[in-house]
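Q: In this note's numbering, the protein residues as written are 83 to 219.
From the three backbone atoms N, C-alpha and C, an ideal C-beta is built for every residue, glycine too.
Just so it is clear, the structure is predicted and the values come from calculations on it, not from any experiment.
Encoded as structure tokens, here's the structure I'll be asking about.
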């Protein structure tokens, strides 16, 4: 999970690492990866998110099918964060594939101002606690 060490603005460089992490057999790794990405999206600028969203939206959409509810919720939070940052227009084609239930959930999250399911500060804190307890080299 070395991608957590990258600074603001360099998210595009770590796409391969993220793709590996969201396929990890440990659900906590998958959900924390998505939570970290949500935090990154929420704390960055629109120009950066516009550059990276095409690489990451398919990852988030695939994660909506995960068998673990926390991973699915984290994927919804990431999609909602992108939509709030750049608007729905850049996402329209990608979101056409969603069923009505998922479209409604995403719409509700965007409308309620609920990008992250438990707040960015809490996500960052959980991510750091996880990393401190599980050293990856």
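Scan the stretch 129-175 and note each continuous alpha helix (DSSP H) run of 4 residues or more that stays entirely inside, going in chain order.
A: 151-168
Q: Round the Cβ separation of residue 142 and residue 188 to the nearest angstrom and send it over; I've been treating them as touching at under 8 Å.
A: Here residue 142 is taken as the residue at index 60 of the chain shown, counted from 1. Here residue 188 is taken as the residue at index 106 of the chain shown, counted from 1. The Cβ separation is near 10 Å, so there is no contact.
Q: Sort 192, 115, 98 and 164 by Cα distance to residue 139 and report the nearest one.
A: As a working note, residue 139 is residue 57 in the chain shown. Closest option to residue 139, Cα to Cα, is 164.
Q: Does DSSP classify residue 183 as helix, strand or coil?
A: Walking along the chain shown from the start, residue 183 turns up at place 101. The answer is helix: DSSP assigns residue 183 an H, G or I state.
Q: Just verifying my parser: in three-state terms, what is the DSSP assignment at residue 97?
A: The residue given as residue 97 occupies position 15 in the chain shown. Residue state, collapsed to three classes: helix.
Q: Please identify the residue among 114, 176 and 128 whose C-alpha is closest to the C-alpha of residue 166.
A: As a first step, residue 166 is located in the chain shown; it is residue number 84 there, counting from the start. Nearest C-alpha to residue 166: 128.
Q: Quick check: the stretch 103-121 against the stretch 148-156, are there 3 or more CB pairs under 8 Å?
A: yes
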